[in-house]
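From first to last, the protein sequence lines are chains A and B.
Using our numbering, the final residue of the first sequence is 296, and nothing's skipped along the way.
Using our numbering, the final residue of the second sequence is 899, and nothing's skipped along the way.
Note that CB positions come from ideal geometry on N, CA and C, so glycine has one too.
Only one structure is covered here, and it is reproduced in the block below.
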Amino acid sequence: MKRTPSKTVLVIGGGIAGMEAAARLRQLGLQPILVEKSDHLGGHVADWHKLFPDMSEAAALVEKGAAALDGVDVRLSTEILFVNRLRSLYNVMLSSGSNVQCGAIVVATGFSLFPAEKKEEYGYGIYDHVITNADLEKWFNTGEDPRVTDDVRKVGFVHCVGSRDLKAGNTECSKVCCITAIKQAIEMKEHFPEAEIYCFYMDLRLFGKRYEDYYIKAQRDYGIHFIRGRVSEVGENIEGKVVVKAEDTLSGRPVKVTLDLLVLMAGIIRNPDPLPYDRRGRIPPKQRQSRGHHRI
Amino acid sequence: MKERFIFDPFVLPFLVGMAFVLLYCLGGLLQIVFQLPRADRLRFLKSLVTPKTAWKNIKDIFLNCLIHVKLWKRNRLLGYMHSSIAFGWFMLILLGHIEVMLFVPGRASLLYYPIFFNYFVAETETTLKGAALLFLMDFFLLIILIGIGLAMVKRVRSRMFGMRRTTRPAFLDRVGLYSLWAIFPLRLLAESTTAHISGGSFLTGPMNWLYLKIFGTGIAVQPVWWAYSIALCIFMLVLPFTRYMHIPAEMLLIPLRNAGIKIRHPRKGFALAEVYSCPGCGVCIDACPMSARKENLKDSTVYLNRQIRRGNERRIAEISDKCLLCGKCSAVCQVGVQGPELRIAQRSLRHYYIKPDFTAFDTESWKERLEGQGGKVLYFAGCMTHLTPSIKKSLTSVLAKAGVEFKIMDPDGGICCGRPLQMAGRKAEAKALIAKNREIILASGCDTLLLSCPICYRIFKEKYHLEGIRVVHHSVFLDELVRDGRLHISKGEESLVYHDPCELGRGCGIYEEPRHLLSAAGKLVEAAKNRSESICCGGSVGSLSLGFEKRKDITKASLQNLTAASPDRIVTACPLCQSTYSRYSPTPVEDLATTIDRQTTTE
């Protein structure tokens, strides 16, 4: 296929958003190039097990997205070295060594999960049975994690770990964490029907379609306990079980529960902007830059 | 020497000033001494007649008030400037008195006579004694004049004197300053006018020759002597209302401190002596960690003292509440004003409408559990260590490796040590907590109380009075285990920088043990400012009103200081410092116990 630079669109990030954008651009008759730094497409969803609120398979969504990329130039294991602006085009240097000229760039670089060990009081990486939401999804997929024992009787979910938290350096809300916790709680209940499951939340931000129904279902059909109050301290008792102290702000009492597994809902941190935007959200032309080009 | 006159009206301004300042200081002295609680007052008076403390008082007053030893250590120019003026002036007064005693003993009771000696006498024959004294007088005058010159330069270029920022003098401070500057040049001029009569030396002699050359013998000497006397008068009249009040106040503060007197009342007695002893030099402005990014410049101890003197309650409360109580201002203070203690005392003035009541705390469950356990070492983790479980985990692991039998006082939460309440000035509430904890500790049958948090450590050590029980911080305890050969540390490759936590270093004077441990565990490097001048991490529980964003700036500035030698790891000995630093530090931060745990073998 002969490439026309003005019709070429570079899509940075091969997650669900990037794949969807590339497929749509292709449908519009443009020539998208999808650049992904890892060796597979799907981003965070590729590591997930099932998706809210309908429990569809994450792998199926990634497959569907990849199938729609017919005619898209997909470059895996590739990063952007730098971007500079020509008169009406962008010149992009890729880590593979090739040089791409394109008329537009779509940034779909997504997010990273908050490193839960930074909230040391929750004991991630210190206690034996504390995992994150991502670890749990991995366990759903592989069934292998020494921290999750075979006879889990009590599980706790801590919402908002490293999100909406000034002290953790991230004041933003992750938006989809609440519903993910509910989904994971239901999945755990399905795995261990005997288990008691507790969710410690500040408030539940269930804005999406059918989310509220899902929350009611979790309480009514699955008997999951929702406790409003932030966890103050996590300890480990002599048997190696996790002891969680929190305040139930609805009843106004301190609560203390001993758990077999504690799941930290690590918040979403927006990835830093990969391009040197100016104040108007544009990349300044090359002449105005002091160093010729921007490394990213 | 032959007496020419006994009296001249120009001495009157001097006499007025002198009488005023003497009466004022006497009043102040009596006020402060009578404001002391009875027990303290007796203790103070007793210390004055005890030979050992009396000698120490004299030595300290000579070294600090006259020679300014601490300033010399800080910066030589600054030291010279202060000691030249203080010591030089003292010598001029002393020599003046010696002259009077030698030549006109009958006039020794006249206050003004030694000061204006050269006006009142005429040289009869050149005695060796006279020449030596005249030379000395001129010599010390020269020393002072150089000091005054330096003081003028310092106003413009304080950086030369090792000070980035200095205080903004208040109006009366300026009056005092300029009159002080004027005194010595005027003295030189005045003595020069009469040097052909009273005799002069290498400064006044040539000046007099010039004088006579220009004006002839008929010069009016009176105006210059008047000016000299008036300059002295102005200085002494404003002295009680300026920072120069530190000159007499420090002479009282030193004996009070040597007697072991502490602040008992926020505005009376010892506190008052400290406030008036502040020379307003502003060394504490640069030292204050809150002044990072040029903020909170007017919240350092020098301004607290100024506001207390002015009685500005709003600002006193603001400054007292904001402080982190890191104690660095005290560490660098030349007269030893205790910034944190002074602030805690101010905080105690606040009235709280809700007072927590801890009498309902039942200590029985703790006591029962601990009595059943063996081990002579009782470990109190405290709230901050519970929030940094890595410390608790590694410390218990190290103790197990060394074979120390220990029991944990608060595995499932305990009673607060009381230090945060004490820092907030809520003494009674802190005492109630201390009483509860004491019950538990005394019932546990331990002989050593081990702490991993310096905040707890300090109050356990200072306020608990646990007779027969050794209170020890884990840095010291681990160091002992290593020295006793119970722990074997293997030296790692990494370079480690040690951060002195405020409460452990300046608070309890522990600097060496952690460094000894770390130099065994890795390559120890030092921060740009360390030990007693280490910079607070910004997380201190001492501040009641400092916001999170402001603390962030402090933490970043402190990290910059710590990583001056680009270490692989930052090691500290305080859970609060660890959690504060790890929030922003790109370099990994850990507790001493974690480092030691990693570098010890299990055998």
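- Look at ASN608(B) here: in three-state DSSP terms it is coil, with no helix or strand label.
- Bounds of any beta strand (DSSP E) do not take in VAL517(B), whose DSSP letter is neither H nor E.
- Per the DSSP secondary-structure output, ASN857(B) pairs with nothing in a beta bridge.
- For TYR880(B), the enclosing alpha helix (DSSP H) begins and ends at 871 to 880.
- With respect to VAL312(B), CYS529(B) sits close: the two C-beta atoms are nearer than 8 angstroms.
- Contact between the region 758 to 776 of chain B and the region 805 to 815 of chain B is present: three or more C-beta pairs spanning the two stretches fall below 8 angstroms.
- For the region 674 to 691 of chain B, the residues whose beta carbon sits under 7 angstroms from a beta carbon of chain A are, in order, HIS682, LEU683, THR684, PRO685, SER686, LYS689.
- Using a Cβ-Cβ cut-off of 8 angstroms, ILE131(A) does not count as an interface residue toward chain B, since no Cβ of chain B sits closer than that to its own.
- ARG589(B) sits in a helix when the DSSP states are folded into three classes.
- Between the region 740 to 758 of chain B and the region 780 to 793 of chain B there are fewer than three C-beta pairs closer than 8 angstroms, too few to call the two in contact.
- Comparing alpha carbon positions, the residue from LEU308(B), ILE328(B), VAL417(B) closest to LYS298(B) is VAL417(B).
- Taking CB atoms only, GLY162(A) has no neighbour in chain B less than 8 angstroms away.
- The closest CA to that of ARG643(B), considering only GLU609(B), LYS757(B), ALA527(B), ASP653(B), is found on GLU609(B).
- Distance between LEU264(A) and LEU888(B), taken at the CA atoms: about 27 angstroms.
- With the rule of 3 Cβ pairs closer than 8 angstroms, the region 868 to 888 of chain B counts as touching the region 833 to 853 of chain B.
- For LEU820(B), the enclosing beta strand (DSSP E) covers residues 819 to 821.
- With contacts defined as CB atoms closer than 8 angstroms, ALA17(A) and LEU34(A) fail to qualify as a contacting pair.
- Bridge partners of HIS795(B) according to DSSP: THR868(B).
- The three-state secondary structure of ASP775(B), taken from DSSP, is helix.
- The C-beta distance from LEU621(B) to ALA720(B) rounds to 10 angstroms, too long to fall under 8 angstroms, and the pair is not in contact.
- Rounded to the nearest angstrom, the gap between the Cα atoms of TRP477(B) and LEU842(B) is 40 angstroms.
- Residue environment for VAL452(B): exposed (fewer than 16 other C-beta atoms within 10 angstroms of its C-beta).
- Residues of the same chain with a CB within less than 7 angstroms of the CB of TRP385(B), apart from the 5 flanking positions on each side, are ILE440 in chain order.
- Considering only LYS167(A), LYS241(A), GLU236(A), ASN271(A), the residue with the shortest C-alpha distance to LYS688(B) is GLU236(A).
- Cβ-Cβ separation between GLU419(B) and SER494(B): approximately 6 angstroms, consistent with a contact (criterion under 8 angstroms).
- In this structure, LEU485(B) sits near VAL520(B), with a CB-CB distance shorter than 8 angstroms.
- For GLU660(B), the enclosing alpha helix (DSSP H) has its first and last residue at 660 to 667.
- When DSSP assignments are scanned along the region 29 to 113 of chain A, the uninterrupted stretches of beta strand (DSSP E) that are 3 or more residues long and fall wholly within it turn out to be 31 to 35, 73 to 75, 80 to 85, 90 to 94, 99 to 102, 104 to 107, 111 to 113.
- Residue pairing by DSSP places LYS703(B) opposite LEU674(B) in a beta bridge.
- Rounded to the nearest whole angstrom, the C-alpha separation of GLY65(A) and PHE52(A) is 17 angstroms.
- Look at the region 109 to 137 of chain A: the residues with a C-beta under 8 angstroms from a C-beta of chain B are LYS118, GLU120, GLU121, GLY123, ILE126, TYR127.
- Against LYS167(A), the close residues of chain B are PHE844, ARG879, in the order they occur along the chain (beta-carbon pairs closer than 8 angstroms).
- A distance below 8 angstroms separates the beta carbons of VAL106(A) and VAL11(A).
- Listed in chain order, the positions of the region 233 to 250 of chain A with a beta carbon within less than 9 angstroms of a beta carbon of chain B are GLU233, VAL234, GLY235, GLU236, ASN237, ILE238, VAL243, LYS245.
- For HIS159(A), the uninterrupted beta strand (DSSP E) run begins and ends at 154 to 161, by DSSP.
- Comparing alpha carbon positions, the residue from ALA527(B), VAL628(B), ARG560(B) closest to PRO575(B) is VAL628(B).
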